[in-house]
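So the sequence shown is numbered by full-length UniProt numbering: it starts at 1 and just counts up by one. Glycine included, each C-beta is placed from N, C-alpha and C at the ideal position. Contents: one structure, followed by commentary.
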Amino acid sequence: MKRIVVALGGNALGNNLKEQMVAVKSTAKAIADLIETGYEVILTHGNGPQAGMIRLAMDELNQKDPKSYPVVPLSVCVAMSQSYIGYDLQNALREELLNRNIIKPVATVATQVVVDPDDPAFQHPTKPIGRFMSQSEAEQMAADKGVQVAEDAGRGYRQVVASPKPKEIIEVPSIEKLIDAKQTVIACGGGGIPVIKEGQHHLKGAAAVIDKDYCSALLAADIDADLLVILTAVEKVALNFGKPNQTELGEVSVAEMQKYADAGHFAPGSMLPKVEAAIQFAASKPGRRTLITLLDKAKDSLAGKTGTIIQG
Ligand SMILES: Nc1ncnc2c1ncn2[C@@H]1O[C@H](COP(=O)(O)OP(=O)(O)O)[C@@H](O)[C@H]1O
Ligand SMILES: NC(=O)OP(=O)(O)O
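Below, the structure is given as structure tokens:
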């Protein structure tokens, strides 16, 4: 049975509670199709909009009544987002599998991911979280709340936070046990809860949001997956994206993809981290491949009909 790590992008979850409840239903159908086809699926997902929403809500409570509502660290907001998204996703997938008479428990693992306290990313926040804003709204937010904001890949302005690279996934042994027990696992949500190692055994939350594609590549290597599947809002990765000479990519070698990345074909903050994660996994061991495609095209892409495949 082929083991695949499937990383779900923003369009699989929506931007708020209402959208999420609708989106997870079609996401569950697409994932159930893969399980029904015979793949061993491990799910990961993003959390940018959700972590930003939780952070904002917690900050507003704290500003109104700091004694009753002390500041909630960003690591805790990420932990909350893992559970909030995992709850909806595992519920929808459980129902979809039962509707197809597939008896397969679904479990969400609160996953901690070690980051380096000296990662330069702590000094240069780049990870967009929360909702999109106009430039003036974003500048107002920055002034009111003392946060940093930035333009997000031509789509508007958002709050930005530090996004250090994932170094180690603490819960890998638990994830492996659940996979061995034939459960469908949702793990590394939002790139994992960022933690820093202190002393012998202590893990301290870090103020960051890890990129879920980098973390998914690390998880896929750790659990020896055959394939990393990055599901996003485009069917294929493109060269000259958005330009009249746009060219979509099918099967590409790691070396070729690196060349395109170096030439600046992939936007930082959107497609570049996916391509870097794709290369990292595909280059980590002979035979490993990464697929980047649309959620709705996952099954067809796995059958070789579409999508962008990166291989060593
Ligand atoms: N070269 C490229 N090829 C395809 N898509 C690109 C490219 N560069 C930027 N993009 C944009 O990246 C988006 C995917 O990134 P994003 O929305 O941040 O991911 P996620 O699905 O994880 O939420 C695509 O919808 C597309 O608009
Ligand atoms: N943590 C993370 O990468 O979230 P998004 O995919 O929503 O940006």
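Check whether residue i and residue j have beta carbons under 8 Å apart
i           : j    : result
V185        : L43  : yes
V115        : P166 : yes
residue 320 : G9   : Since the displayed the chain opens at 1 and closes at 312, residue 320 lies outside it and no answer follows.
A153        : K127 : no
A90         : A107 : Before going further, note that residue 90 is Gln rather than Ala in the sequence given. Cβ atoms of Q90 and A107: closer than 8 Å.
residue 322 : V195 : One cannot answer for residue 322 here, as it falls past the ends of the chain, which runs 1 to 312.
V252        : T308 : yes
I4          : L227 : yes
K274        : G46  : no
I103        : G52  : no
residue 354 : K243 : Since the displayed the chain opens at 1 and closes at 312, residue 354 lies outside it and no answer follows.
A187        : T290 : no
M141        : Q123 : no
Start and end residues, alpha helix (DSSP H) containing residue i
i           : result
P95         : The displayed chain sequence assigns Glu, not Pro, to residue 95. Residues 74-99.
K104        : From DSSP, K104 is part of no alpha helix (DSSP H); its letter is neither H nor E.
residue 320 : Absent from the model: residue 320. The displayed extent of the chain is 1 to 312, so no value can be given.
K18         : 17-37
I179        : 172-180
P49         : 48-64
L13         : L13 -> no alpha helix (DSSP H), and no H or E assigned at all.
A298        : 298-302
A217        : 212-222
CB contact below 8 Å: residue i versus chain B
i   : result
I54 : Absent here is chain B; the protein component of the structure consists of one chain.
DSSP bridge partner residues for residue i (one or two, in chain order)
i    : result
S253 : Q311
L291 : V229, I309
T247 : L239
K127 : V161
Collapsed DSSP secondary structure at residue i in the structure displayed
i    : result
G205 : strand
F132 : strand
L8   : strand
P194 : strand
E235 : coil
A138 : helix
Delimiting residues of the beta strand (DSSP E) encompassing residue i
i    : result
M1   : Run containing M1: none; DSSP gives neither H nor E here.
M157 : According to the sequence as given, residue 157 is Tyr; it is not Met. Unbroken beta strand (DSSP E) run through Y157: 157-161.
Q112 : 112-114
V185 : 184-186
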